[in-house]
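Just so we're on the same page, this note's numbering is the position in the sequence shown counted from 1, plus 7. Beta carbons are placed, not taken as given, at the ideal position from N, Cα and C, and that holds for glycine. The structure under discussion appears below in the form of structure tokens.
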Amino acid sequence: EGLPGVRAPADLVGFLNNAYLSGVWADCRVQQTSKVVLMTQLRWDNTTDYELSLVMMRALVELGALHVLGVVICPMPGTAEHAACEQLHAQVCKVRDMLRRLGLCHIRVGMYVPRATSPAKEGAGDIPGGQ
8 EGLPGVRAPA DLVGFLNNAY LSGVWADCRV QQTSKVVLMT QLRWDNTTDY ELSLVMMRAL
68 VELGALHVLG VVICPMPGTA EHAACEQLHA QVCKVRDMLR RLGLCHIRVG MYVPRATSPA
128 KEGAGDIPGG Q
């Protein structure tokens, strides 16, 4: 049952098994990508913070250390119903534009609208509808 061109098939199998376990498989274990959904509440006083976080997120995506499943923007507590929806929509557009400029336009951005806030617009702009 000799294999053509192989003098010691058992040694070859052992070598390949060892190479897989110490090479390819070990590399896959070390370089697993974290998957995240970023949830945030944007305010006028944290604009720089969220812009810097998007830049850092882009760097981690580029390195292959992070896979962003989406960004969800939530209303601030105590925000008036109508103002909350309009404000969230403007923030979603702003974040989408920033991600587009960073080369991350494939990341879905949406908003969370609590049922009590807007039953008529439930899910408007949320992640499943995406960009």
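A direct Cα-to-Cα measurement between Ala66 and Asp18 gives close to 43 Å. Counting of Cβ neighbours within 10 angstroms places Gly117 among the buried residues, the total reaching 16 or more. An exposed status is given to Ala26, since fewer than 16 other beta-carbon atoms sit within 10 Å of its beta-carbon.
Ranked by Cα distance from Thr40, the first of Val13, Gln48, Thr47 and Leu76 is Leu76. For Ser60, the enclosing alpha helix (DSSP H) starts and ends at Thr54 to Leu70. A distance below 8 Å between beta-carbons, with the five flanking residues on each side excluded, links His74 to the following residues of its chain, in chain order: Thr40, Ser41, Lys42, Val43 and Val68.
About 7 Å separates the Cβ atoms of Val62 and Leu109, confirming a contact at the 8 Å cut-off.
Checking the DSSP bridge columns, you'll see Ser29 has no partner listed.
The Cβ neighbour count for Val20, taken over all protein chains shown within 10 Å, is under 16; the residue is labelled exposed. With at least 16 other beta carbons inside 10 angstroms of its own, Val120 counts as buried. Around the beta-carbon of Met64, 16 or more other beta-carbon atoms lie within 10 Å, marking it buried. DSSP places Gly77 within a strand segment (E or B) once states are collapsed to three. Boundaries for Thr40: no beta strand (DSSP E) harbours it, and the DSSP string shows neither H nor E there.
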